[in-house]
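Undergrad: In our numbering, each residue carries its 1-based index in the sequence shown increased by 2.
The C-beta atom is built at its ideal place from N, Cα and C for all residues, glycine as well.
None of these values were measured; they are calculated from a predicted model.
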Amino acid sequence: MDGSSCKRRAGAQSLGSMKRALIILALAAAAPLLAQASETWLGLAPCELCLWQRWPYWIAAGFAALALVLPRFGAPLLALAGLAALVSGVLGGFHLGVEQGFWPSPLAGCKAATAGGAMSIEDMLKSLAPTPNKPCDAPAFLIPGLPLSMAAMNMVYGLGLGALSLGLARQGARA
């Protein structure tokens, strides 16, 4: 192989790596942006677990952005992006379990205000969060008539994006 064909092959590999990174970057950033849009334009209120599920997508997007600027390290960075997306999918599955009543949420912000045992009205008012929030066990549905809550959709999306990212990382490592 002469020098020019080696350069063309390296350029093609770099271009393929950049395409893979751009796909994951766009898909990872789309999830929290869609969630924010559903709050802004559809009036869906997020709970604390909903907010936690967004951070791994931003981390995945960050790893994918790094893979764009450092194509030499594209495969390991996309693998890390995939792991971050999987974390959001697992959090979505956990949140789905909270919504279904399989287990309680460990987050204090997820609990709805209750009358409590012998609490006075003043004590109940003091115990309320300073800003209103939605309890984590109250599902939010994005598509009317579709029996998938936002947590369930996030679980499917996060696990799918994680699998896609890991697959593209593996493909990039073989190239």
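My assumption, with CB atoms under 8 Å, is that L79 sits in contact with Q55. Please give the rounded CB distance.
TA: Incorrect: roughly 22 Å between the Cβ atoms, too far for contact.
Undergrad: Could you give the distance in angstroms between the alpha-carbon of C112 and the alpha-carbon of G64?
TA: Going by the C-alpha atoms only, they are around 28 Å apart.
Undergrad: By DSSP, does S107 sit in helix, in strand, or in coil?
TA: Looking at S107 - three-state DSSP - the assignment turns out to be coil, as it is neither helix nor strand.
Undergrad: State yes or no: is the C-beta of C138 within less than 8 Å of the C-beta of E41?
TA: For C138 and E41, no; Cβs fall outside 8 Å.
Undergrad: Express the C-alpha separation of Q173 and G160 in angstroms, rounding to a whole number.
TA: Cα to Cα, G160 sits roughly 20 Å from Q173.
Undergrad: List the DSSP bridge partners of F65.
TA: In the DSSP output, where bridge partners are listed per residue, F65 has none listed.
Undergrad: Count the other CB atoms within 10 Å of the CB of A62; is the residue buried (16 or more) or exposed (fewer)?
TA: The residue in question, A62, is buried, as its Cβ has 16 or more Cβ neighbours within 10 Å.
Undergrad: With 16 other CB atoms within 10 Å as the buried threshold, where does L88 fall?
TA: It is buried - the Cβ of L88 has at least 16 other Cβ atoms within 10 Å.
Undergrad: Can you say whether L170 is buried or exposed, counting buried as having 16 or more other CB atoms within 10 angstroms of its CB?
TA: It counts as buried.
Undergrad: What span of residues does the alpha helix (DSSP H) with P78 cover, start to end?
TA: Element bounds for P78: G76 to Q102.
Undergrad: When the distance is taken between beta carbons, is G91 closer than 8 Å to G18?
TA: No. Outside cutoff.
Undergrad: List the whole-angstrom C-beta distance separating L98 from A154, where the pair is believed to meet the contact cut-off of C-beta under 8 Å.
TA: Right, their Cβ atoms sit about 5 Å apart.
Undergrad: Quick one: residues in its chain with C-beta nearer than 6 Å to the C-beta of Y59, no 5 flanking neighbours on either side, listed in chain order?
TA: Only A30, A33, P34 and S90 meet the Cβ criterion.
Undergrad: Exposed or buried, which one is L27 when buried takes at least 16 other CB atoms within 10 Å?
TA: With 16 or more other Cβ atoms within 10 Å, it is buried.
Undergrad: Measuring straight from C-alpha to C-alpha, what distance separates A81 and P48?
TA: Roughly 29 Å separates the two Cα atoms.
Undergrad: For A83, collect the residues of the same chain with a Cβ closer than 6 Å to its Cβ; drop the 5 residues on either side in sequence, then sort them by chain order.
TA: Excluding sequence neighbours, A83 sits near I26, A62, F65, A66 and S167.
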